[in-house]
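Presented below is the structure to which this report refers.
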Amino acid sequence: MPAHKIFCSLLLVFSLFLEASAQNAPQFARNMTVVYVAEDTMIGTEAYKIIAWDEDNDELTYSMTGPNSNFFKLKKNIVIVARALDREAESTLQVTLHVSDGLNNISLQQTIVLEDANDNAPVFLNTSYTVSVYENETKGTTLFTVKAVDRDQGPAGAVQYKIVEILPDAPYLFGIQMDGNVILNGTLNYTEKSTFYQLQIEASDHGGSYQGNFIIKTTSVFAFINVKDVPDMNPIFLNIPYQATVPENASVGTSVFKVLAIDGDRGIKDEIAYAIQSKANKLFCSKLFQIDAPSGIISVSSSLDREELDFVELQVTATEKHHDINGAFAFSTTSVSITVTDSNDNSPAFYNCNLDFCNFTESAKVNSFNTSIPEHFSTGVPIEHLTIVARDPDQGMNGNFDLSLRGKDASVFDVNPKSIKNVGMVQITVRNSSAIDYEQRNVLHIEIVANDMTNPTQCCATANLTINIEDINDHSPEFPQQTYILSVKEHAPIGTEVGIVKATDLDSGIFGQITYSLLPISIRNEFNVNSTTGEITVHNRTTLDREKRPVYYATLQATDGGNRIGTTALEIVLKDINDFPPEITRDSYTAFIMENNGNELNIRIEAIDNDQEGTNNSEICYRIVAGDYQHNFTIDPNNGVLRSVGPIDREEMKPSLDGKIILIVEAYDLGVPSFSSTVNVTINVEDENDNSPIFTEPVYNATVMEDTLGAFVTLVQATDNDATEVNNRVTYRIETGSTGIFLIRTMLINKTDPKQYQGNITVDPTIALDYDRGPKFYTLGVSASDSGFPSKSASATVYVTVLDMNDETPVLDPDSMKDLNVMENNTQLGIVRNITASDIDTNHSLIYELISVVCLKSEIIDDQPDAPCRYWFGLYDNGSLYVNESSVIDYEEYNQVVITIRVTDLYTQKNNPSSTGKLTINIVDANDNAPVFLAFERVSVIIPELAPISAEVATVKASDNDTGKNAEINFVVTKVLFIFSDDQPTQTLPNVFEASRATFIGGEYTAIIKIKSSLDKTLKGQYKITIEANDGGNPTLSATSYLDLVTVDESYKTRLEFRLTPAGVQQNMDDIIKILREATASKPLVAGVHAVGNSKVQTSPRNVAKSIMEVYFVYNNGTAIPPENINSILEVNPDTIKKLIDLGLLNIKQPTEPIDTARPLLVVIGGLIAAFIILLAIMITALVCSRQSYKRKIKSITAMNTAKAVTVNTLQSGPVVPGTNKYTLEGANPIWNTAFGAAADLGFEEPNTDSTSINSLDENVIDTVPETPTKKFNTEMTEKTINSHPIDEKTKPLSVALDDHDNNKEKKTPGEPQRGISIKSTLNSIDV
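With my numbering applied, the sequence shown corresponds to residues 2 to 1329, in that order.
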C-alpha cells in the first residue's frame, strides 16, 4: 500500500477520536436539588420527574444511588415510589441522581422533602395507666393524667380526649379534661362498691387529609384504677365456730389448731396478732395452751390428762398491728372449743364403793372383796352388800372392757354386766343356786377379771372375791309376775304413783316380813319404792325426760326377815307431754318481689318439734300474726308456704319502710298447752321505673352578661315519683342549642327522701360570650332523665339572652407584624414599616409603644442590657417604625432583632385595654466576608492502581460568616501540579481531580476531592492541588488552599505466591493482612488476588502455586516498602513466616510489568488502529517473504554445521534449538546467537515442555523442503550437508533443528505419542 494512503487512514482515525471527545455533558435542572413528595404517595405511583437535558440531544439514561435510593425506582426519568414513605421516620431523604449520554456521567446530590399526611393516630405515651386511689378520696380530685402525642403536624397532630367506657358501669363517677386530667366526680367505697375500675380512654386528632380523604384517627388506652382501702373495720375470724381436738398424751408444743383472722379492711391486709384471754375463772385452761401471735397456731403448753379435764374453751383475740383511722388498735374476739381426746393409757381397776360416791384415786383401788350370802341364794340375783365398781378412765372404745370370772368356783356365779363402758357397777349373781349349800361348803372363792381388749400392754385387772355362805330359811319372797310394765308422764311431780307391785313369802314371822327396794341403786335417782307397801313413786321429775330416755329398766327386790330375796323386772315407760315448742329452722327469711307483679312471692317457712311424732304435741301449723300490709299476703297453715296476694305499688308504701315489709309468722303445735315460735320475714319490694321525670316549668327564660366566664344562667328542676334513687335520680343534659357554649350540672338540693335534683346551667368556663360577634340569643333544649332501666326522660326549653358590654381588646394587624427585612450598613433610613391595629368596639383611641428589643445572633439572644441593636430602631406613637440614623446596622454583629410592640385602647371598659405583638426584623446580609478554609488533612497518600475514577482522595471544609447565598460555598480545583521525585521539571496536569458539590452540615460546607480521570501509575512523586472556595455573593469572594497527594507507584507492589486457590486466600485474607501489618508495621493494601492460569508457568512438582496476591505496604507518611525489602523484614520474625506458610504462602516475587488500563474509548480506538497497522504489516510481509523464499530454504539447510558441535547425549530429550539460552526467562523466546551451556541444564524440562521458538528466524520463509529419509542421524550426513552448502554461519541452527527432529522421529517406537512440536515434511509460507 502506498505510504500516503497509510498516512491518510491514520489521520482519519485520529480525527474520529477528537470528534468523540468533544461531546457536551448533560445537565440537571436547577430545581432538582430539592423536591417535595407527599408521604402518603402510594407504592408504584409517580413521585416526581427528573429534569435534565443534553445540548447534543443525545439519548439520556438515568439512575439513582445513595443511602435512601431504595425508596424509589426509575422508569426512564420518572421516579416511582418503591417502598412506603414515612415523614415521621425520616423527614428528608438523600439520594444521588445520575444521568448519562453514553459518554459523560453527571451526578447530583438531591434532597427529597416528605410532606405530612394524616397517617398517624395519636399514640399514648404509656400502653396503659394504673393508679391507686384511697376510698375516702375527695370529689373533684385529679387522679392521674394521660398523655397522647400525634406525630403528624397541624390539626392532624392536635389531640383531644374522652372516656368511652367505664367497667363496672359507673358512667358519671369519673371525668376527663381537655389536658388529659382524669378527675373523680363521685365517691368511692372499697367495701360497698367496686375495688377496681377499668376506663377506656380515647384520644383522637382533629382530622386531616390522607390519600385524598379527610379522616380522623383515634387510639384507645385502658386505665386501671385500684381503690385502696383505709383502716376502718375490725378483724374478721374466718370459718367460725372453731372446734378442735387434741390427744391427752400430746407433747408440749404440739399444734392443736390454727385460728385465722383477716383484716376487715380487705384492701389493707394488716398484720394480725393473736392472744388467749386469761380470765380469772379460766386461768387454769389458758395455761394448758398457748398461741403463736403471728400465725394463730394454738399448741399444747403443759401436759394433758383427759381423765382430769376433757374439754376446754379458750377466748382468742385478734388484734391489728397498726392503728385504724381513729388511732386505736382494731380487734375481735372468738371462742375456740378444744376436746381432749382419749388415749388408751389406763388399765381397768376395781373399787369398793357405791357408783355415785366413788373416789377414783390410785389409793382407792382394791384387789380383794369379801361378802356373805345365804345358802340357796337365788339364781340371777345380784349378791347384796357387794359394792364392786370397775372403771377404765379411758374414753370411748378405749374405756370398754369385758368382765369374766375364773377360779374353782367360777361356774357357780355370773358376773353382770359382761362388758362395761368406762365405769359401772359389777354385780355377781348366782348361776347354780344348788351349789350354794352351807352344809357342803361355807366359803367360795372366785376371781373377777376385767379385760381391756384394746390395750395389749395393760390389758387386765383382777380382784379376788371371797363369798361366805350363811345359813337362811328356805323360802324367799316371790312376785306373781316376772316382769311388770308400768307407765308415768314425763316430768311428773315428785311422789306421783307409778304403780304398786307386791310379793309374797310363805315364811312366817320375821322371815315372812317383806321389804321392798329398787335395783340397781342408780334407778333410785328417778324412782322410789315404799319398802313396806311396794308402791313405786316419782323421785326426781327433772331427769324424767322422754326425749332423752323413754324407758327405764329396774329390778324390784323383795327381802324377807331372813333376808331372802325375791325380784321382778320393772319396765317403766315415760308418757310424752307437750314440753317442746316448735323450732323454726332459720333465724329470719328475706325475699324480693317486683312492684306491680302479683303472686310473685313463694317462700316456705319450715319448723320442727322434738315432741313425740304422730301426736298433737309435734303437729305444727303456721299463721301470720303481725306485719305491715299483711293483708297482701297469705300462708298455708299446714306446709308454711307464704305467698303474695295481688300487686303492690312501691310508691304507695310508707317511705319509712324503705320498701321493706316485715311479717311475723308464727309456728305453733297442737299440744295442750300449745307452744309456738315466731320468725321475721322481710319482703323487699323492688322499685320499677314506672314514673317519668316532670319539669316544674315547660319554658325557662334567662339572661347572661357577655364575656363572663362560667356565668350562672338559670336553674331548671324536674321531679320523679319513683321510690328509689336508682329510678328517681334525675340527670340533666342540654340536648340542643348549646354548641358547646353552655354547661348544665346536676345538683342535689334535698338529701332527704325523696331526693330532689336541679340542673344548674352555666356558661362554659373556657368560653366567653361575645355580644358583638354574636349570636345574641340562644334556645336550649334541656332534658331530664332518670337512672332507671330503661331510662325515662322529659324535656323543657330555655331561652337565653346575651347582654352587651364594652370589652374588646385592640388587635395588631398580622400583615403589619410580618417579618421585616432590613439591609445592613444603614442602606435603609427613615420609616421602614407602619404598624396598624384594629378594635371592633365602635369608640376607641389607639396608641403604639415600643416596649422591648431583643438582639439575636444565630438564634442566640444577647441579654446585655445595653446591646447595640437596641438603638437601631424607633417607633412613633402612631405606629411608624423607623431606622435611627445615629447607629449602624451590622449583620455580623446581630442577624435578627425582635421588637415587642404594644397597642393600647384608651376607651376600653373591661378586659385588657392593650395587646402586644412581636415583630421580627431580619438583618439582610451584604457580602462583606470571604470564605475561610477550615482545618483538614493537607497531606495524603494515594496509590494510583487502587484509585479508580470518582474515588475520594480528600475532604475540604470552609465556612463564611455571611448568610444566604453570600455564605453558599462552591469548591473548585483550579490547578494540579505533579512534582517528580527525580527532579524532573514540574508538570501541570489538567482534569485529573475535581471537587464534588458542597454540602452544608453544622455551619460548615464540605466537599470531596475526587479523581476525575485515570492516574498514571508510572509517575513517581506527588500531586500539588490548588483548591478555591467561592461564595455565592455579588461580587463573589474567594479563598485558596492546597492539598498534597504523595503517590506510591507500581514499583512498590509485592507479589505473594500461595498454594491455595484465590477463594482460599480470600477466606484467610483477614488473618494474612493482620500478620503482615504486625510484621511490617505498615498498612498492607491488597491490589488483587488472581489465579495462576498462564500455561507458560512450569508444572513441575516443586512449583504448585495456584494464586498470586499483589500487595502494597504503605506508611502513613507517604512512603512504602520496596518489594526487595519484604523478605529481609519477614526473616527477622520466624514466627511470622511460619504463620504465613501455614496460611499457604510459597514465595515472594518481583512484580511483573504493569498493564496500562486506558479508558475504554481509547482502548477501542487504539485497537482499531492496531488492527489496521497489523493488516498493513501482513500485506507488506507477504510481499517481502515471497521474494525471500528460496534464500531462506538455503539458509535452513546449511544450519547443520552448527548442530555438529552438540552431541545428542548431552541434551535433554525433546527438540532443541542449539546456540540459544533456551528459556532463561519463563515463557520467553530463545535469544538468537547466545552461547548455551549444556552443563547448565539441570534436566528439569519434561519432554512435553513447550520448547518451540516462535519467529526465531523472522526473515526466512520456507516454501518446500525435500522429504528427509527415515534414518539415524550420523556424522557423515552432517559433513556432506556442510560441505555442500557453504553458507554463512548465521544460517545454520534452523537446518540442524529440522534434521534433528527427523532423526528423533525415526527413533520413536510404534504407537508412542509424539512429544514437543511436530514439523511437516513440507513447509510453506502458511506454516511459518
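All C-beta atoms in this analysis are idealised placements derived from N, C-alpha and C, irrespective of residue type, glycine included.
Remember, predicted model here, so these are calculated numbers, not experimental data.
Between Val1133 and the set Val1112, Ser1108, Ala1082, the nearest pair of CA atoms involves Ala1082. In this structure the segment 773-793 touches the segment 725-739; the number of beta carbon pairs closer than 8 Å is three or more. The C-beta separation of Lys490 from Lys549 comes to about 15 Å, leaving the pair out of contact by the 8 Å criterion.
Under DSSP, the beta-bridge partners assigned to Phe634 are Ser645. By the Cβ test, the segment 448-467 is in contact with the segment 405-418, since at least three Cβ pairs between them sit closer than 8 Å.
Burial check for Lys1018: the Cβ neighbour count within 10 Å reaches 16 or more, so the residue is buried. DSSP lists no beta-bridge partner residue for Asp117. Within its own chain, the residues whose Cβ lies closer than 6 Å to the Cβ of Glu471, once the five positions on either side in sequence are excluded, are Ser373, Pro375, listed in chain order. Collapsing the DSSP output to three states places Gln1067 in a helix. For Pro1124, the enclosing alpha helix (DSSP H) stretches over residues 1124-1132. Taking the C-beta atoms as reference points, His207 is found no nearer than 8 Å to Ala149. Secondary structure of Thr1182 (DSSP, three-state): helix. Ranked by Cα distance from Thr246, the options Leu239, Val257, Pro236 are led by Val257. Going by DSSP, Asp963 is part of no beta strand (DSSP E) at all; its letter is neither H nor E.
In the three-state DSSP reduction, Ala968 falls in the helix class (H, G or I). One thing to note: Gln558 has its Cβ within 8 Å of the Cβ of Tyr517.
Going by DSSP, Lys919 is part of the beta strand (DSSP E) stretching over 915-925.
Inclusion of Asn597 and Arg644 in the CB contact set at 8 Å is not warranted, their separation being larger than that value. Straight through space, the alpha carbons of Tyr352 and Ala462 are spaced by roughly 11 Å.
Here the alpha carbons of Ser344 and Leu387 stand approximately 31 Å from one another. Here Lys77 is near Tyr63, since their CB atoms are less than 8 Å apart.
For Pro172, there is no enclosing alpha helix (DSSP H), as DSSP marks it with neither H nor E. Closest option to Tyr877, judged by alpha-carbon separation, among Asn835, Leu174, His323, Gln865: Asn835. By the 16-neighbour rule on beta-carbons within 10 angstroms, Trp873 is buried. Here Asn526 carries a helix assignment [DSSP, helix/strand/coil]. Remark: C-beta atoms of Val222 and Tyr130 approach each other more closely than 8 Å. Across the set Glu385, Gln28, Gly328, Phe145, the C-alpha of Phe145 shows the shortest separation from the C-alpha of Val183. For Leu876, no alpha helix (DSSP H) run applies; the uninterrupted beta strand (DSSP E) run containing it begins and ends at 874-876, by DSSP. Here the alpha carbon of Met426 sits roughly 10 Å from the alpha carbon of Val416. With fewer than 16 other beta carbons inside 10 angstroms of its own, Glu886 counts as exposed. Comparing alpha-carbon positions, the option among Trp54, Asp55, Glu56, Val38 lying closest to Ala48 turns out to be Val38. DSSP, reduced to helix, strand and coil, places Tyr1053 within a helical segment of the structure shown. Of all alpha-carbon atoms in Thr697, Thr591, Asp984, Glu138, the one lying nearest the alpha-carbon of Leu185 is that of Glu138. A direct Cα-to-Cα measurement between Leu602 and Val124 gives close to 55 Å. Sequence-distant Cβ neighbours of Glu572 in its own chain, meaning closer than 8 Å and more than five residues away, are Thr484, Tyr485, Ile486, Leu487, Val552, Tyr553, Tyr554. By the neighbour-count definition (other C-beta atoms within 10 Å, threshold 16), His99 is a buried residue.
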